[in-house]
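In UniProt numbering, the protein residues as written are 1 to 273.
Listed below in structure tokens is the structure:
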């Protein structure tokens, strides 16, 4: 089950400085972002929980998005799914991206060598968004793909991103995580601190059964394109009783090599993924 911290991205006090049109647009985007790559239908109550937008506003927004073809009703229910229009926009963006074409062979090679899935992710508020994804034919699926959103604070891909940020920006994001985590703040911050120790000592961030049962994730920061845009590269799979020693001995070297290759093949590209 995917964990959402989208509610932390909507700050009601900040909305006082936004005019009505911009506020409506922003809330509409947040409603669309509440839907995951897993294609699970959501009702208004589900969207309220994921976005922290008032229920009355969510009802108006979903009605408008349906009329625009951005959402569709699930027959026989009061729930919705993403329509084809947002999907076509996202696919057109990926199809036109030269960087997306460059990273695919490197990621597929990594996935096939290790029998894992491999993803490139960027930060979206307090979550990580998969913008590229490849997997080995032999992998047990993690039900993830392009468009998947993962929590920033409990995944290897999120913690590696935090490590790659400049210190002042990282401190701001960690403070947002602390506030959003409530009673779990101490546990979440310790997990981040431990991950930083691994990155400092071993050069990789490891997460075992923290996000999904019987699954592991290993990640490193990467800086892609002429602008050296920070993203993260990860490798993950369902693997019962996996150990840190296995991740260090088997996963680390191919993953770090793939990260170096990605930076090399993308170094002259003048665009983001």
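Virtual Cβ for every residue (Gly too), placed ideally from N, Cα, C.
Quick caveat, the model's predicted, so the values are computed rather than measured.
- With a contact defined as Cβ atoms closer than 8 Å, residue 148 and residue 205 miss out at about 18 Å.
- Per DSSP, the beta bridge partners of residue 123 are 128.
- With a cut-off of 8 Å on Cβ pairs, the region 38-55 is not in contact with the region 92-99, counting fewer than three such pairs.
- At a Cβ-Cβ threshold of 9 Å, residue 33 and residue 62 do not count as neighbours.
- By the Cβ-count criterion, residue 159 is buried, with 16 or more other Cβ atoms from all chains shown falling within 10 Å of its own Cβ.
- Each residue's CA atom was taken as its position, placing residue 188 and residue 172 some 15 Å apart.
- In terms of CA proximity to residue 193, 174 leads the group 174, 210, 209, 66.
- Per the coordinates, the alpha-carbon of residue 58 lies some 44 Å from the alpha-carbon of residue 261.
- For residue 143, the three-state secondary structure derived from DSSP is coil.
- The bridge partners DSSP lists for residue 234 are 119, 219.
- Annotated three-state conformation of residue 86 is helix, per DSSP.
- Shortest Cα-Cα distance from residue 53 to any of 218, 73, 70, 29 involves 29.
- Between residue 117 and the set 227, 26, 236, 223, the nearest pair of CA atoms involves 236.
- A direct Cα-Cα distance of roughly 18 Å separates residue 233 from residue 201.
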